[in-house]
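Asker: Protein chains in written order, with this note's numbering: chain A, 1 to 448; chain B, 449 to 896; chain C, 897 to 1421; chain D, 1422 to 1946.
The structure's right below; bear with me while I get my questions together.
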Amino acid sequence: MRYLPLTDADRREMLGVIGAKSVDDLFRDVPERARRAGLVDLPKRQGELEVERALTKMAAKNVSAGSVPFFVGAGAYRHHVPSTVDHLIQRSEFLTSYTPYQPEITQGTLQYLFEFQTQVAMLTGMDVANASMYDGSTACGEAVLMAHRVTKRKKAVLSGTLHPQYRAVVENISEVGGYAVDALPPAIPGATEDIISRIGDDTSCVVVQGPSFFGELVDLRAIADAAHAKGALLIAVVTEVVSLGLVTPPGEMGADIVVGEGQSIGNGLNFGGPYVGLFATKSKYVRQMPGRLCGETVDAVGERGFVLTLSTREQHIRREKATSNICTNSGLCCLAFTIHLSLLGEDGLKRLARINHANAVKLADALSAVKGVEVLDDSFFNEFTIRLPKSAAGTVDELADKGVIGGLPVSRLIPGNASVENLLIVASTEINTDEDRASYAKALKEVL
Amino acid sequence: MRYLPLTDADRREMLGVIGAKSVDDLFRDVPERARRAGLVDLPKRQGELEVERALTKMAAKNVSAGSVPFFVGAGAYRHHVPSTVDHLIQRSEFLTSYTPYQPEITQGTLQYLFEFQTQVAMLTGMDVANASMYDGSTACGEAVLMAHRVTKRKKAVLSGTLHPQYRAVVENISEVGGYAVDALPPAIPGATEDIISRIGDDTSCVVVQGPSFFGELVDLRAIADAAHAKGALLIAVVTEVVSLGLVTPPGEMGADIVVGEGQSIGNGLNFGGPYVGLFATKSKYVRQMPGRLCGETVDAVGERGFVLTLSTREQHIRREKATSNICTNSGLCCLAFTIHLSLLGEDGLKRLARINHANAVKLADALSAVKGVEVLDDSFFNEFTIRLPKSAAGTVDELADKGVIGGLPVSRLIPGNASVENLLIVASTEINTDEDRASYAKALKEVL
Amino acid sequence: MSGMNKQGRSTTPGEVSAASIQTYTGNRGLRLEEPLIFELDNPGACGVDLDEPAAFASRLGAMERKGRIGLPGVSEPDVMRHFVRLSRKNYSIDAGLYPLGSCTMKHNPRLNEKMARLAGFGDVHPLQPQKTVQGALELMDTLAHWLKELTGMPAVAMSPKAGAHGELCGMMAIRAALAARGEAATRTRILVPESAHGTNPATAALLNYKVDEIPATAEGRVDLAAFKAKLGPDVAAIMLTNPNTCGLFERDIIDIADAVHAAGAYFYCDGANFNAIVGRVRPGDLGIDAMHINLHKTFSTPHGGGGPGAGPVVLSAALAPFAPLPYVVHGAGGFAMVETEGEAKADGTQPFGRMVAFHGQMGMFVRAMAYMMSHGSDGLRQVAEDAVLNANYVLASLKDDLSAPFEGPCMHEALFDDRFLKGTGVETLDFAKAMIDEGYHPMTMYFPLVVHGALLIEPTETESKRTLDQFIGTLKHLAKAAKGNDKSLFTGAPHFAPRHRLDETLAARTPVLRWQKETPKQAAE
Amino acid sequence: MSGMNKQGRSTTPGEVSAASIQTYTGNRGLRLEEPLIFELDNPGACGVDLDEPAAFASRLGAMERKGRIGLPGVSEPDVMRHFVRLSRKNYSIDAGLYPLGSCTMKHNPRLNEKMARLAGFGDVHPLQPQKTVQGALELMDTLAHWLKELTGMPAVAMSPKAGAHGELCGMMAIRAALAARGEAATRTRILVPESAHGTNPATAALLNYKVDEIPATAEGRVDLAAFKAKLGPDVAAIMLTNPNTCGLFERDIIDIADAVHAAGAYFYCDGANFNAIVGRVRPGDLGIDAMHINLHKTFSTPHGGGGPGAGPVVLSAALAPFAPLPYVVHGAGGFAMVETEGEAKADGTQPFGRMVAFHGQMGMFVRAMAYMMSHGSDGLRQVAEDAVLNANYVLASLKDDLSAPFEGPCMHEALFDDRFLKGTGVETLDFAKAMIDEGYHPMTMYFPLVVHGALLIEPTETESKRTLDQFIGTLKHLAKAAKGNDKSLFTGAPHFAPRHRLDETLAARTPVLRWQKETPKQAAE
Ligand SMILES: Cc1ncc(COP(=O)(O)O)c(C=O)c1O
Ligand SMILES: Cc1ncc(COP(=O)(O)O)c(C=O)c1O
């Protein structure tokens, strides 16, 4: 087998050194009745050509986003990732190294993590950020737990702006932890959500997403003030991190913790993962943060270097007293994020964000020109919600048959709610052309 | 522009240091009337996304070999190249380094060239090989010139087994150099070529290809003896290097110089280039060889290392007295070759060659079962010639319309020769499945 | 024994003087220094070309960001060089042996990378219509089938994002099963061996469980009697690693399982070490109820400097109904993803909830699938055998030079302790850092906690005998040097790495966790 | 000036003692030794999985290979590690400045690599039916159009495989044109400046021409008077590099062209240095008849450790009809490749023959096309301007520290000579090797031959001012050290590279050009 360097001759020789008769001998601690003599019932080894052929065939059964006019967002966005990014993250030294436990020979990883933390802090307008969580939704769950630790309270108030699957993740972790969740109904654009009245003296945190699940921009200032007045923290959620190139960052609006999904920068859609969870907060809360942190220091001869630090928050040191059980995180996705954002820089990110916004405005114009279609969002970044004259799920299905992937029917994530039945969330990033939008409008007209 | 690091501020500051008013100032040595004020008439800069879109569209207009049952060979072969190869050759340190003129910081390149030379020598059964030529055809031209230098004669005899475009290259370089070429007619399988009678006292070399352009295996022994008897060299040409895993190498049959196309190992089809020319010979002729050579040595503390050597054969030292004008060669393609062959190793190469041969035999069986089709080659490796009941060019065209790329009509390379009009050269490598062969036989039956 | 024909000549004066040479740039040949990306800022430079959109009516309302973000402007060539230089400061499996115990640092085939990048896998959105992602669902379903076959378990939850997340998932399933029996409130204790990985107790704590440590025997295994004594009606589960973190197979595992079940509790197995037994032992045959599988260990998805991973959890029949959303089903009309409670109900399951947005680590699934298909049932069994053989070879070869706390045979990793360094003045850490100079990544140190100064070596099956022989020779050499009171190799090691030993105390005492344009400290310098 | 916050602390004893430490493995931290692939042979190991074909009747006749080839058996992980380790011994543009004069080592965008790997370009056969490769032909045609526009020339031969091959092609076209006039036999002399690259005289010699050297002026340019004196009815052509290899624009180039043409000869221009003028000066406006363009220089296709490149040749109207086979035409039915003399005749051309099998370096064409489209007309002009600006900045900054033989402004490269080292005991080569320790690839040395101890620096336009400033600072530092009689930096340099200075004399005296299983020498050891 091509990945296995030992030959039969090697195996014999090594068994001799060990003093074992056979490999079976080495498995003698396995209870007899659990030792399997034969092979499991699966196909046998295959060469590269055969594996490639089979998987390529499977992949071809999917409609890839790049092959059609494509308008789905809702927490994962198709952006153009420069070729430099994918080249660099495949370098052996990045791809095949472990968590940087030996800093002398992992300065490469450590330095990019330090850069990542800085970039995330800058984007969110916060003091510090960690070296990543699994994704936005789990980061959100961790943020709620952290708020409970900081405030020593046990109840989270979740805005209806929050992505329904993020809400589900928070509810799940809260339930097993014995924490309360007060979740508001979906914040369908148009109506204003009164979240402030839900904040009480037992509220540990308020969780608000902006741009909202429905695409709307959300001003956090009043909510932050109200939360702080009650001794609660404001957790801001950002699922489209490119928006931070154009939209006021949560840190400037009083957020105490900002969590986000970083996939949009540097990472592909990948059918949902791996993505990269962003987690930023204020300096004063840093010792309550989950996840790895990389810090600056010097070496024995005074040269600047980087190390993992404040590990006493982490499971490998603190075990059941750790701030989280996270171990493996999203290292390589951070790297992709950091490289892409380095390429963009200040000017590039801002321009990219403006292009996204311009494209979404053009899409809103194109779709609202279709009879029966209404754009609900007053303000938005690159995504918004439209009301259709009929079921959104059915419409998306019909659009797919016409070769247009038209967005997310809200009912897919919020089932059994009549008020969202006809709502469709659509996104337009820099990848969409005028032609794409025209195809969409045309197809939509046809199916309505 | 993303590839240009200077900003306008940088430019101003640098002009100040230089003491120039403007960049125009730096171009003042250009004759006035040749200075262009405006831009040339071409499109302006574009982002990655736009370039990628345009080129992807262009690429999509081609039928890629992997997307259809594919049977063309004739000097370029579609083999499966392991993913490791393409990953490794893209490593910055290989891809973006220059010719190893500073051996202390290019040992990576030098060592693989040394390994490449060894592999080529082993495959061909020769003493030494150089660090590559552009491709097989130019290597063939260089071999003829080298034979002239060695023998101090001026006439090459070219067998009809030789690829017609190789012949054209030899004829071209011979003509301008003032050398004679005696080229035999196409060696269509079935008839025996009498090349020995063409060897005279003025013959510098005999050039024979095996497997021949038509796929036939060629026993060189008698030709070698005859050539040597007249003081001429035997140049053997191999266009399908995988054949050397299964077929007696030219070095064991008396060849003095072996040239070949190395594309089959490690390198893709690339519509004809870049490929990698192999060049091997006997030790005694090494100082007459063209191209770079890498040799073993030691460094100042006695550690083994590698350097470019015997450079006094080359243009940068010897100028008009050099053995060739070659400078840039096929470095990275050598690397691909060396990696792929390292993966294959002794067992892998031999098995790959057997698979190729088996597939070609199966194809011959499948096609000869089609009425009116005759396989001409008595012996072959992975390629052979069939005679059709009608024009091969027209047949290939019709097959293409049915989604089968069926081979090379000999008339494309040897036009205006009635005896080859109906001949088609077909190849089958490890990439072809039984299904591919069945599709071919079926389509062929339909169009004949 | 460098393998090169070093001719034993003594070093020239040129080399000896090298240490005294200070370069102007701080570089040393191919060892290149590199500032932070922020320090490369050249305003106006940019690594992308994007056209400013034509004028349009903004829909941002009052929410437009004002002022600078602070991101540096750097051209593409400079960004490329920055990260290439950083990469060159890293060790990697591709460069050499990386024998981190418990981490299974095996070869990462590039075929897997290529497959994960097929547009049909890499460029599909988790929420596009299911009929447009039938191949993706098929891949998930196929991978699930392989995992179930290999473990002998009836179900698998695919969405967990890593091992620890899988632990959380498995424990949540256990909690849900207990809740369904009405025992969630009464079963509040989790038994965890001392030798457990930190994620085990941390996971239990996240569920508000009380962690109760089980002691180990002198043989490095669970003390069966002590364990049984701890069982009771308030025990929710045991979390046991098998093979355990000492690299040993828990001989009594079936008895343990029986006892756990008899006590009405569940058996969570930490499957991080599945590599040792894949294809030879099926956890389902051991009585396990839940086990996560680190695809980034056993199934070779790359570690990527810390992640991403994937931690699918196989589940027993008792726990299967409680598996979280989403999951894939295969019906007449093709594959479908069950994403909501309503759909689950119709499907007859009772998911405990959702671990994560979307469906899990698809990119890792593709890689793992390519890896599994490449090996096949025969190759995977060979994986376990060679992994165990390699570890035992290291153990047998070094047990007289280092000190081994437990008897062999071991499974996939060989555990040593620091008794052999006693009295030498060389610390475990010094020993490890000297390995860096020799061109190796050190083994896992100070874990598991059950032995003093642990040195846990996991070679994996993708290392050749030749590599192991050089490694063994090196460790013998270092052990001999340490015992011979030659501290020169250890004091101040590593001598040849991009950095000398780093001041971790300083880092923790005054944390500098991000770059700042001008910190007072920097300004003062 | 390492850019890092080195705090000026003195090195610890640990570091000072490093030089005396000999590692067991021969490795030094991340500097890893690696044997030859043949020395890794482990018979039975294999890096591919291929199934033995089912039994079949061989058609090999008596031609089956017997015996071992001698190739080593190595698993995939070991092959991967072997080449990764080798790579790490190389310098590269991606790691740092690579200022090799005449080589135009600029940034190689990975977009180009990606585009060249699209199946529609990378996986098409040169001889599949033309109707199935319309996109490939379109790409060649589009690239040809760009090259013609940029050079102001009416035709281009695309097939040459590199610069030297392009020279051959251009000179063959000239010879064909002369032959068409009946002057091939009488025009036997080629004028080549002393400063020419070695390929120029070597090319002329391949065509059996007599090479006649034109002297240079004290200003580093062609001596116009001497040149005119050499013209005569036996002159076939001049081969002139412009900008020339001293990095200077040939001011009299139009006069030269006029004189050449008046003498009935042709003007071949070596276009290796086109990067200096692309978008600003069109060779067609200078009276040039043929010029090769190194796509691997000006248009950024990667050098790949020595190749592959591509050397298309633009041709004047006088030479265009003689361009070699094949070439692309665009008719009503789409694109077509003219491959045979018959087709060419029908097309009204008289190709001189064929340079190569198939159609040239398609892989390089795609990369160059992506590069050109990315820059556009505006970006390409900026390329020339920034390349020239960077070179002049280096020249101006260093002319008082090193010694410059000629007055500026220079074009894309700055030429220095070794007068500044006179009397220091430091040789040009020592100086260059000390640069390696500082983290730089040295500049081109000892070329061009017209100045003594030439140091030819071509920074290219993809280097930032920051990089140049550090480079300039380093050279000033080294020059000062040399002049200050501090030889420690130079003697025995490089000190920090993977190898010390290599014995080239030994290599040439007793050539060892391949590995042998057992050479008598090795056996004796
Ligand atoms: C024994 C053990 N359990 C659990 C884990 C946690 O897995 P992950 O890092 O994937 O979260 C690890 C990882 O190091 C481990 O070694
Ligand atoms: C001035 C000059 N002419 C010609 C060449 C030859 O080009 P190539 O190496 O592409 O054959 C070179 C390459 O180094 C060169 O610098």
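All C-beta atoms in this analysis are idealised placements derived from N, C-alpha and C, irrespective of residue type, glycine included.
Nothing here was measured: the structure is a model prediction, and the numbers come from that model.
In whole angstroms, give me the CA-to-CA distance for residue 162(A) and residue 213(A).
Answerer: As a working mapping, residue 162(A) is identified with position 162 in the first sequence. As a working mapping, residue 213(A) is identified with position 213 in the first sequence. The straight-line gap from Cα to Cα measures roughly 6 Å.
Asker: Answer with buried or exposed for residue 837(B), where buried requires no fewer than 16 other C-beta atoms within 10 angstroms of its C-beta.
Answerer: In the second sequence, residue 837(B) corresponds to position 389, counting from 1. Exposed is the call here.
Asker: Anything in the region 1512-1532 of chain D with a Cβ closer than 8 Å to a Cβ of chain A? List those residues in chain order, please.
Answerer: Answer in chain order: 1530, 1531 and 1532.
Asker: For residue 617(B), which of helix, strand or coil comes out of DSSP?
Answerer: Indexing the second sequence from 1 puts residue 617(B) at position 169. Here residue 617(B) sits in helix by DSSP.
Asker: Can you name the residues that DSSP bridges to residue 260(A)?
Answerer: In the first sequence, counting from the first residue as 1, residue 260(A) sits at position 260. Looking at the DSSP assignment, residue 260(A) forms a beta bridge with 238(A) and 278(A).
Asker: Quick one, are the C-beta atoms of residue 1835(D) and residue 1692(D) less than 8 Å apart?
Answerer: As a position in the fourth sequence, residue 1835(D) is number 414, starting the count at 1. As a position in the fourth sequence, residue 1692(D) is number 271, starting the count at 1. No, Cβ-Cβ distance for residue 1835(D) and residue 1692(D) is not below 8 Å.
Asker: Answer with yes or no whether the minimum CB distance from residue 911(C) to chain B is below 8 Å.
Answerer: Numbered from 1 along the third sequence, position 15 holds the residue referred to as residue 911(C). For residue 911(C), the pLDDT reaches just 42, beneath the cut-off of 50, and the residue's location in the model is therefore unreliable, leaving the point undetermined.
Asker: Is there contact here, the region 1276-1291 of chain C with the region 1170-1186 of chain C, by at least three beta-carbon pairs under 8 Å?
Answerer: Segments in contact, yes.
Asker: Against chain C, does residue 1807(D) count as a neighbour if the rule is that its beta carbon must be under 8 Å from one of theirs?
Answerer: Position 386 of the fourth sequence, counting from 1, holds the residue named residue 1807(D). False, the Cβ-Cβ gap to chain C never drops below 8 Å.
Asker: Where DSSP assigns a beta bridge to residue 1299(C), which residues make up the other side?
Answerer: By one-based count along the third sequence, residue 1299(C) stands at place 403. Beta-bridge pairing links residue 1299(C) to 1313(C).
Asker: Nearest to residue 1293(C) by CA position, among 17(A), 71(A), 4(A) and 249(A), is which residue?
Answerer: Taking the first residue of the third sequence as 1, we reach residue 1293(C) at position 397. Cα-wise, what sits closest to residue 1293(C) is 17(A).
Asker: Tell me the residue span of the beta strand (DSSP E) that contains residue 1465(C).
Answerer: Residue 1465(C) is absent from the structure shown; chain C starts at 897 and stops at 1421.
Asker: What did DSSP end up calling residue 86(A) once you bin it into helix, strand or coil?
Answerer: Sequence index remark: in the first sequence, residue 86(A) carries index 86 (1-based). In this structure, residue 86(A) counts as helix in the three-state DSSP scheme.
Asker: Is the closest heavy atom of ligand 1 to the C-beta of residue 1404(C) under 7 Å?
Answerer: In the third sequence, residue 1404(C) corresponds to position 508, counting from 1. Flag unset: Cβ of residue 1404(C) not near ligand 1.
Asker: Mark residue 527(B) as exposed unless 16 or more other C-beta atoms lie within 10 angstroms of its C-beta, in which case mark it buried.
Answerer: Here residue 527(B) is taken as the residue at index 79 of the second sequence, counted from 1. Classification for residue 527(B): buried.
Asker: Going residue by residue through the region 291-349 of chain A, where are the continuous alpha helix (DSSP H) segments of at least 4 residues, counting only ones entirely within it?
Answerer: Qualifying alpha helix (DSSP H) stretches, in chain order: 315-318.
Asker: Taking only the alpha-carbon atoms, compute the straight-line gap between residue 208(A) and residue 225(A) and give it to the nearest angstrom.
Answerer: Taking the first residue of the first sequence as 1, we reach residue 208(A) at position 208. Taking the first residue of the first sequence as 1, we reach residue 225(A) at position 225. Cα to Cα, the separation comes out at about 13 Å.
Asker: Would residue 853(B) and residue 605(B) qualify as a contact pair, given that the criterion is a beta-carbon distance under 8 Å?
Answerer: Within the second sequence, numbered from 1, the residue matching residue 853(B) stands at position 405. Within the second sequence, numbered from 1, the residue matching residue 605(B) stands at position 157. No; because the gap between Cβ atoms is not below 8 Å, this pair is not in contact.
Asker: Using the three-state DSSP reduction, which class does residue 1373(C) fall into: helix, strand or coil?
Answerer: The sequence position of residue 1373(C) within the third sequence is 477, counting from 1. Helix at residue 1373(C).
Asker: Tell me the rounded alpha-carbon separation between residue 222(A) and residue 182(A).
Answerer: Position 222 of the first sequence, counting from 1, holds the residue named residue 222(A). Position 182 of the first sequence, counting from 1, holds the residue named residue 182(A). Each residue's alpha carbon lies about 19 Å from the other.
Asker: From the DSSP secondary-structure annotation, give me the bridge partner or partners of residue 1866(D).
Answerer: Position 445 of the fourth sequence, counting from 1, holds the residue named residue 1866(D). DSSP lists 1876(D) as partners of residue 1866(D).
Asker: Are the C-beta atoms of residue 928(C) and some chain D residue less than 8 Å apart?
Answerer: Along the third sequence, one-based indexing puts residue 928(C) at 32. Closer than 8 Å to some Cβ of chain D, the Cβ of residue 928(C) qualifies, so yes.
Asker: At the 8 Å Cβ level, is residue 736(B) part of the contact set with chain D, yes or no?
Answerer: Counting from 1 along the second sequence, the entry for residue 736(B) is found at position 288. Judged by the 8 Å Cβ criterion, residue 736(B) is not in contact with chain D.
Asker: When the cut-off is 8 Å and only beta carbons count, does residue 865(B) lie next to chain D?
Answerer: Translated into positions along the second sequence, residue 865(B) becomes position 417. So no, residue 865(B) is outside the interface.
Asker: Anything in chain B within Cβ reach of residue 958(C), meaning under 7 Å, just list it in chain order.
Answerer: As a working mapping, residue 958(C) is identified with position 62 in the third sequence. By Cβ distance, chain B contributes nothing, its closest Cβ being about 31 Å from residue 958(C), past 7 Å.
Asker: Going by beta-carbon coordinates alone, are residue 494(B) and residue 1721(D) separated by less than 8 Å?
Answerer: Stepping through the second sequence from its first residue, residue 494(B) is reached at position 46. Stepping through the fourth sequence from its first residue, residue 1721(D) is reached at position 300. Result no, Cβ atoms of residue 494(B) and residue 1721(D) do not sit closer than 8 Å.
Asker: With a threshold of 8 Å between beta-carbons, can residue 1918(D) be considered close to chain C, or not?
Answerer: On the fourth sequence, residue 1918(D) is found 497 positions in, with the first residue counted as 1. True, the Cβ-Cβ gap to chain C drops below 8 Å.
Asker: Could you tell me the alpha carbon to alpha carbon distance between residue 1941(D) and residue 1934(D), rounded to whole angstroms?
Answerer: One-based indexing of the fourth sequence puts residue 1941(D) at position 520. One-based indexing of the fourth sequence puts residue 1934(D) at position 513. In this predicted model, residue 1941(D) has a pLDDT of only 48, less than 50, meaning its place in the structure is not dependable; the value taken from the coordinates is given anyway. C-alpha separation (whole angstroms): 15 Å.
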